[in-house]
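Report on the following structure.
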Amino acid sequence: MSKICFGCGVKLQSDDKEKLGYIPPKKLDDAKYCMRCFRMINYGENKEVSTPKDVKEIINKINKDVRFVIFLVDYLNINDEIIKIFSSIKKRKVLVVNKCELLPKNIKKSRIEEYLRGYYKITDPIILKGGKRNHGAKSVYNYLKDNDIKETYILGLSNSGKSTLINDLMDVLKSNMTKITVNSKANTTLDFIRVNLSEDLMLIDSPGFILNKSLNHDAALKSITAYSMQMKECETVSLLDDKCYLKFDAKTPIIFYTNVNSKKTIKKYYKAAPGLTSTIKIDKENVDIVLYGIGFVTIKKPVNITTNIDLKNIEIRPSMFGGKYE
Ligand SMILES: Nc1nc2c(ncn2[C@@H]2O[C@H](COP(=O)(O)OP(=O)(O)OP(=O)(O)O)[C@@H](O)[C@H]2O)c(=O)[nH]1
Ligand SMILES: [Mg+2]
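Below, the structure written as structure tokens:
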């Protein structure tokens, strides 16, 4: 039987250095990790790999299985596309909003649940996870225990923290099992990994989903900043070192919630910016422009915005944190 890498789930092999799962022949018998995982864990390296499995392949497998599903999403990545994937899972499931400890101080966690129920119409159970100790993994453990769930898949967007959750649960149970590889770049876990955490609990880690829409696939959520700005008529804001421009035709306050945590990447321009070929019409107060993979911008007043962003990578919705959303 072929061995699999404990870190990423890929089959271990000693035949081809260039292929995934490589481990030198001498080490094959005792190895727990492939070379790629070894390098990620010890040197922080992460070689880009293409998407390991596509969304349909994963969902088809899950829908044929009887097991429970824990679906992870961090709040910056709550959007139409990920909610559609969640809704396509026909199993008993729970939506875990991860990394809630990173919420700006003035925002209550409960607001996210209200919004998920009110705007995205989620009726499944929701756990708002976050905390200093093991990133709040105990809340997930308690949920599984209280609901007598003994076997579950862990699914979600790449970088949402699925493997970290399993490692944290090992710590909650004081288990000294080999840890799964975690990394701030996308596509760390490459195949399903079964972890028998205890006699009563089996978890299955999975390769993360990569969305079709995205301006940035690799931005792991390590911190979140809310930048407030006052925009005036004809002013342009440049986000992410001139990757995205938004030019306003009227006065409005804006708040940019992002995981890109350097203020230097955000600038105001008074001169013309290149490529402003698309228009976003905001006709209500408190609207979010979701920039897939980057975060979202809350626009407080009705305004027209011209932009260089491809409109297929954005979503317009009532503001998650400001004003009414129904
Ligand atoms: N602040 C915070 N960061 C987290 C949390 N969970 C994971 N992370 C970070 O998020 C990044 C991605 O974590 P992973 O556990 O590798 O994510 P994954 O969902 O397994 O990703 P793939 O294997 O690529 O699908 C890492 O930099 C983690 O340190 C959390 O609860 N809070
Ligand atoms: Mg993973």
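If you read the sequence shown in my numbering, its first letter stands for residue 209, the second for the next number, and so on.
Think of the CB as a built atom: it goes at the ideal place given N, C-alpha and C, for glycine as much as any other residue.
Since we're looking at a predicted model, the values are computed, not measured.
Any heavy atom of ligand 2 within a distance shorter than 7 Å of the CB on T397?
In the sequence shown, the residue the question calls residue 397 occupies position 189. T397: yes, Cβ under 7 Å from ligand 2.
- Start and end residues, alpha helix (DSSP H) containing M378: Residue numbering aside, residue 378 sits at position 170 when the sequence shown is read from its first letter. K370 to V380 is the span of the alpha helix (DSSP H), which, as asked, contains M378.
**Message:** Within 10 Å of its beta-carbon, does L365 have 16 or more other beta-carbons around it, so buried, or fewer, so exposed?
**Reply:** Translated into positions along the sequence shown, residue 365 becomes position 157. Result: buried.
Would you mind working out which of T487, D332 and S383 sits nearest V403, comparing C-alpha positions? Translated into the one-based positions of the sequence shown, residue 403 becomes position 195. If we check each option's Cα against that of V403, S383 comes out closest.
If you draw a straight line from the alpha carbon of T389 to that of T444, how long is it in whole angstroms? Here residue 389 refers to the residue found at position 181 when the sequence shown is read from its first residue. Here residue 444 refers to the residue found at position 236 when the sequence shown is read from its first residue. Those two C-alpha atoms are separated by around 41 Å.
| query | Between S210, E407 and L228, which lies nearest to C216 when the distance is taken from Cα to Cα? | reply | As a first step, residue 216 is located in the sequence shown; it is residue number 8 there, counting from the start. Minimum Cα distance to C216 is reached at L228.
Next item on the list: In angstroms with no decimal places, state the Cα-to-Cα distance between F279 and A480.
Entry: Position 71 of the sequence shown, counted from the first residue, corresponds to residue 279. Position 272 of the sequence shown, counted from the first residue, corresponds to residue 480. The alpha-carbon atoms of F279 and A480 are separated by roughly 43 Å.
Cross-strand partners of R244 (DSSP beta bridge): Here residue 244 refers to the residue found at position 36 when the sequence shown is read from its first residue. DSSP, once it has assigned bridges, lists no residue as partnering R244.
| Rounded C-alpha distance that separates P415 from S368 | Counting from 1 along the sequence shown, the entry for residue 415 is found at position 207. Counting from 1 along the sequence shown, the entry for residue 368 is found at position 160. The straight-line gap from Cα to Cα measures roughly 11 Å.
**Asked** Which value, in whole angstroms, describes the spacing of the CA atoms of V495 and K508?
**Response** Against the sequence shown, residue 495 aligns to sequence position 287. Against the sequence shown, residue 508 aligns to sequence position 300. Rounded to the nearest angstrom, the two C-alpha atoms are 7 Å apart.
| message | Rounding to the nearest angstrom, what Cα-Cα distance links L423 and L447 in this structure? | response | The residue given as residue 423 occupies position 215 in the sequence shown. The residue given as residue 447 occupies position 239 in the sequence shown. Each residue's Cα considered, the two are about 12 Å apart.
### Query
How do the segment 274-294 and the segment 345-362 stand: do at least 3 beta-carbon pairs fall below 8 Å, yes or no?
yes
N271 vs K298 beta-carbon contact at 8 Å: Here residue 271 corresponds to residue number 63 of the sequence shown, with the count starting at 1. Here residue 298 corresponds to residue number 90 of the sequence shown, with the count starting at 1. In contact: N271 and K298 (Cβ atoms closer than 8 Å).
- Query: What does N306 pair with, by DSSP beta-bridge criteria?
  - Reply: Reading the sequence shown from its first residue, position 98 is the one you call residue 306. According to DSSP, which records beta bridges pairwise, N306 is partnered with D282.
Using the rule of at least 16 other Cβ atoms within 10 Å of the residue's Cβ for burial, across every protein chain shown, is T506 buried or exposed?
On the sequence shown, residue 506 is found 298 positions in, with the first residue counted as 1. Under this definition T506 is a buried residue.
Note to self: Do F214 and K234 have their beta-carbon atoms positioned less than 8 Å apart in this structure?
What the structure shows: The sequence position of residue 234 within the sequence shown is 26, counting from 1. The sequence position of residue 214 within the sequence shown is 6, counting from 1. Contact: no.
Would you tell me roughly how many angstroms separate the C-alpha atoms of F504 and A345, rounded to the nearest one?
On the sequence shown, position 296 is the one that residue 504 refers to. On the sequence shown, position 137 is the one that residue 345 refers to. Each residue's alpha carbon lies about 26 Å from the other.
(message) Quick check on the burial criterion: 16 or more other C-beta atoms within 10 angstroms. Buried or exposed for S210?
(response) Residue numbering aside, residue 210 sits at position 2 when the sequence shown is read from its first letter. That one is exposed.
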